[in-house]
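Notes for the one structure printed next.
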Amino acid sequence: MDLDRLLQKQREFFCSGATLPVDFRIAMLRKLRSAVERYETEISAALKADLGKSDFEGFMCEIGLVKSELSYMISHTRRFAAKRRVHTPLAQFASASYQQPSPYGTVLIMSPWNYPFLLTLDPLADAIAAGNTAVVKPSAYSPATSAVIAKMMGECFPTEYVAVVTGGRKENATLLEKKFDLVFFTGSQAVGREVLRHTAEHLTPAVLELGGKSPCIVDSTAKLELAAKRIAFGKYLNCGQTCVAPDYILCHRGVKEKLVQEICKQVKLQYGENPLENPDYGRIINEKHFDRLCGLIAPEKTVLGGTVRKGTLQIAPTVMDNITWEDAVMQEEIFGPILPVLTFDSFEEVYALLADRPRPLALYLFSEDQRRIREVTARCSYGGGCINDTIIHLATSEMGFGGVGESGMGAYHGKAGFDAFSHSKSIVDKKTWIDIPMRYQPYRRALYEKLLRVFLR
Numbered sequence: 001m002d003l004d005r006l007l008q009k010q011r012e013f014f015c016s017g018a019t020l021p022v023d024f025r026i027a028m029l030r031k032l033r034s035a036v037e038r039y040e041t042e043i044s045a046a047l048k049a050d051l052g053k054s055d056f057e058g059f060m061c062e063i064g065l066v067k068s069e070l071s072y073m074i075s076h077t078r079r080f081a082a083k084r085r086v087h088t089p090l091a092q093f094a095s096a097s098y099q100q101p102s103p104y105g106t107v108l109i110m111s112p113w114n115y116p117f118l119l120t121l122d123p124l125a126d127a128i129a130a131g132n133t134a135v136v137k138p139s140a141y142s143p144a145t146s147a148v149i150a151k152m153m154g155e156c157f158p159t160e161y162v163a164v165v166t167g168g169r170k171e172n173a174t175l176l177e178k179k180f181d182l183v184f185f186t187g188s189q190a191v192g193r194e195v196l197r198h199t200a201e202h203l204t205p206a207v208l209e210l211g212g213k214s215p216c217i218v219d220s221t222a223k224l225e226l227a228a229k230r231i232a233f234g235k236y237l238n239c240g241q242t243c244v245a246p247d248y249i250l251c252h253r254g255v256k257e258k259l260v261q262e263i264c265k266q267v268k269l270q271y272g273e274n275p276l277e278n279p280d281y282g283r284i285i286n287e288k289h290f291d292r293l294c295g296l297i298a299p300e301k302t303v304l305g306g307t308v309r310k311g312t313l314q315i316a317p318t319v320m321d322n323i324t325w326e327d328a329v330m331q332e333e334i335f336g337p338i339l340p341v342l343t344f345d346s347f348e349e350v351y352a353l354l355a356d357r358p359r360p361l362a363l364y365l366f367s368e369d370q371r372r373i374r375e376v377t378a379r380c381s382y383g384g385g386c387i388n389d390t391i392i393h394l395a396t397s398e399m400g401f402g403g404v405g406e407s408g409m410g411a412y413h414g415k416a417g418f419d420a421f422s423h424s425k426s427i428v429d430k431k432t433w434i435d436i437p438m439r440y441q442p443y444r445r446a447l448y449e450k451l452l453r454v455f456l457r
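Count the sequence shown with our numbering and you get residues 1 to 457, in order.
Below you can see the structure in the form of structure tokens.
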């Protein structure tokens, strides 16, 4: 593919003004939603091929969420795109002030392999709603889903509007060398740093959705049976290959034994006595990640799971106890079905521990103590999270989703997604029927200084 020619065509299409009318944007969103509905069976099969996802999980965690975001943007784009009047200071009499959302232009969307459909189509929906043209680069690690996305986009849109570029690292590197008006990247922190280095060369704004070691804090007041049920769901969904999965548990020492017992019980209830035989339990994306995860399992500290099947790239849901901060499993984001358990004695210890580490994409707190809940959410820095649940905060278009610090910059979903792909122009419409001479030289201090101080107090 001739990327220079593709980008030139996209810029020409954008500059023609074709993407600006709100009716056009909504029509394209409707067209994309119809395509998702037509291709649902193929998308499900692709997710099964790439990650072993069941039809149910594929719809719940990817296809259904994409349809929900598209429906939300169809309903709200007209309001989001409207100019918003703001107060005009008296010193600028007579004029009207307003903010006008404006699309960036031609944007690049680079998506990961763990939720290859959701994390490609969700930002694309927001980019379309905001009035941009887009180049989409899905992951080479999920080739079946990438192929379906390319086929869908080819039928839905001309390439001067939305184009899909497939391939691996070579294509990624080539794309990042090009000048875009905004780059939206979802993936690892290591690659995120490379993206930011490249965008800095062009002074291109970037939205980075990264990851990190997201803690799951369980205090002494938590309802342990329910906590265990929800932690097991969030941790082992997609075999732990979720950027907001609970990376590790940090629980009060007094409830640790009971919590570990309940989590082990829940794993067996949800995934069966032999999870590797469960047809609804997926697999690790590739051998490289499989080998890395196997290296993080310490058999002497494993209280559940630890069994692996290299032929199918499967690792059973694993719980590891008596973990320390020095263990290998605590040195990197796990991104797999391994759950280490650590303990604390006081929340001041928790605050000190978290303050000394990179800010995570998510934080989860299980507690019945409302004062403690308020304190934790106020004192800890993290992208987003849940109280008494896991991962569900990203499943709503009413709230932005994004990281902070090392876990990312910028947010999307719903209004936040529209704003991420838009620049808000601040405009003053000055009237011509009157022109107050106060600001012009030569300054008439005796006449205007007191009035100026009244205006600008």
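Where a beta carbon is used, it is the ideal one built from N, C-alpha and C, also for glycine. Bear in mind that the values here come from a model prediction, so they are computed numbers and not experimental data.
When C-alpha distances from Tyr115 are compared across Cys61, Asp126, Arg359, the shortest belongs to Cys61.
Across the set Tyr440, Val191, Ala91, the C-alpha of Val191 shows the shortest separation from the C-alpha of Gly408.
Secondary structure at Met28: helix, using DSSP grouped into helix, strand and coil.
Counted as a single uninterrupted DSSP element, the stretch harbouring Pro143 is not any beta strand (DSSP E) but the alpha helix (DSSP H) occupying residues 143 to 156. By the neighbour-count criterion, in which a residue is buried when 16 or more other Cβ atoms sit within 10 angstroms of its Cβ, Pro279 is exposed. The count of Cβ pairs closer than 8 Å, one atom from the region 66 to 78 and one from the region 411 to 429, reaches three, so the stretches are in contact.
Thr221 and Arg374 have their C-alpha atoms roughly 15 Å apart.
Of the other Cβ atoms in all chains shown, 16 or more fall within 10 Å of the Cβ of Tyr104; this residue is therefore buried. Taking one beta carbon from each stretch, the region 284 to 295 and the region 313 to 325 have 3 or more pairs nearer than 8 Å; the two touch.
Within a 10 Å sphere around the beta-carbon of Thr432 sit fewer than 16 other beta-carbons, which makes this residue exposed. Contact between Val207 and Tyr412 is confirmed by a C-beta separation of about 7 Å, below the 8 Å threshold. No Cβ-Cβ contact shorter than 8 Å links Gly167 with Met110. With distances taken between CA atoms, Leu121 lies nearest to Ser146 out of Ser146, Tyr141, Gln99, Thr106.
It is roughly 26 Å from the alpha-carbon of Lys151 to the alpha-carbon of Thr77. A residue is called buried when at least 16 other Cβ atoms come within 10 angstroms of its Cβ; Met320 meets this threshold and is buried. According to DSSP, Cys380 shares a beta bridge with no other residue.
Straight across, the Cα-Cα distance linking Leu452 with Ala91 is about 8 Å.
Taking each of Arg309, Ile338, Pro317 in turn and checking the Cα distance to Ile323, the smallest one comes out for Ile338. Going by beta carbons, Gly385 and Ser397 fall outside the 8 Å limit. A Cβ-Cβ separation of about 26 Å leaves Thr133 out of contact with Tyr98 under the 8 Å criterion.
By the Cβ neighbour-count rule, Ile43 is buried, with 16 or more other Cβ atoms within 10 Å of its own. Per the Cβ contact rule, the region 210 to 220 is in contact with the region 240 to 253 (3 or more Cβ pairs under 8 Å). CA-to-CA, the gap between Asn388 and Leu269 works out to about 20 Å.
For Asp429, the enclosing beta strand (DSSP E) stretches over residues 422 to 430.
Per DSSP, the beta bridge partners of Val218 are Cys251, Phe366. Judged by beta-carbon spacing, Leu124 lies beyond the 8 Å limit of Val135, meaning their Cβ atoms are not closer than that value. Its chain contains Ile217, Leu250, Phe344 as the residues whose beta carbon lies nearer than 7 Å to that of Val350, once the 5 sequence neighbours on both sides are disregarded; these appear in chain order. Around the beta-carbon of Thr106, 16 or more other beta-carbon atoms lie within 10 Å, marking it buried.
Taking 8 Å as the upper bound for CB-CB distance, Ile263 and Ala298 are not in contact here, some 17 Å apart. Here DSSP, grouped into helix, strand and coil, assigns Phe344 to strand. Taken through DSSP and simplified to helix, strand or coil, Leu296 comes out as coil.
Taking 8 Å as the cut-off, the beta carbon of Arg359 is found closer than this to the beta carbon of Val404. The continuous alpha helix (DSSP H) containing Met73 extends over residues 64 to 81. Buried is the label assigned to Glu333, since at least 16 other Cβ atoms lie within 10 Å of its Cβ. With 16 or more other Cβ atoms inside 10 Å of its own Cβ, Asp219 counts as buried.
Considering only Phe157, Lys288, Gly131, the residue with the shortest C-alpha distance to Ser16 is Gly131.
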